[in-house]
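The structure appears below as structure tokens.
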Amino acid sequence: VLQPSEHDGLCEEADSFSRQSSGMASVAHDHGFLPSRSEEWTVEDDVILISSIINAGDIDFIAKTVKFSKKYTISQLEKRWFDLLYDEEINSQAKKRLSQCMDGIEKLQKQIPLSLAETFMMNEFSATHPTWDDFERLL
1 VLQPSEHDGL CEEADSFSRQ SSGMASVAHD HGFLPSRSEE WTVEDDVILI SSIINAGDID
61 FIAKTVKFSK KYTISQLEKR WFDLLYDEEI NSQAKKRLSQ CMDGIEKLQK QIPLSLAETF
121 MMNEFSATHP TWDDFERLL
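For the sequence shown, UniProt numbering begins at 1 and goes up steadily by one.
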């Protein structure tokens with residue numbers, strides 16, 4: 001599980017872009033277009049959310065097991081996921097920020113927790129000296 005200190009600053013340039021555009025975000029929020037300033041997401045949190053949902057597919061599981069840079073409620077996670085998918089402005093900003101830190105993304109994705117199915121498979125795999133057949137069964 002990722003700890004906030006392990007991913008802080010991996011994508012500083014993209015977060016700098018986010019801070020520069022935060023003035024626009026607060027104006028847009030006043031008109032109901034973007035989440036409030038207190039709900040702004042770091043690029044690292046976006047990577048963790050996207051990768052975790054793709055891998056685990058269960059927002060409740062993610063809320064209980066994944067460590068973000070700050071505590072998010074299930075509702076906040078759901079809202080951010082929905083915004084990333086369907087809000088064109090948020091989607092566009094996220095794509096730009098993500099494209100600026102590909103190295104950091106790769107590092108973060110290596111630390112995404114296993115899905116429930118993967119966890120069950122690993123728990124059933126108890127061989128102390130595994131053979132190729134054991135690994136083939138896992139696949």
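Built from N, CA and C at the ideal position, the CB exists for glycine as well. Source: prediction; values computed, not measured.
When 42, 85, 89, 58 are compared, the shortest CA-CA separation from residue 74 is found for 58. Minimum Cα-Cα distance from residue 54 among the listed residues 133, 107, 114 corresponds to 114.
The C-beta distance from residue 90 to residue 66 rounds to 20 Å, too long to fall under 8 Å, and the pair is not in contact. By the Cβ neighbour-count rule, residue 128 is exposed, with fewer than 16 other Cβ atoms within 10 Å of its own. In the DSSP assignment, residue 119 falls within the unbroken alpha helix (DSSP H) covering 116-124.
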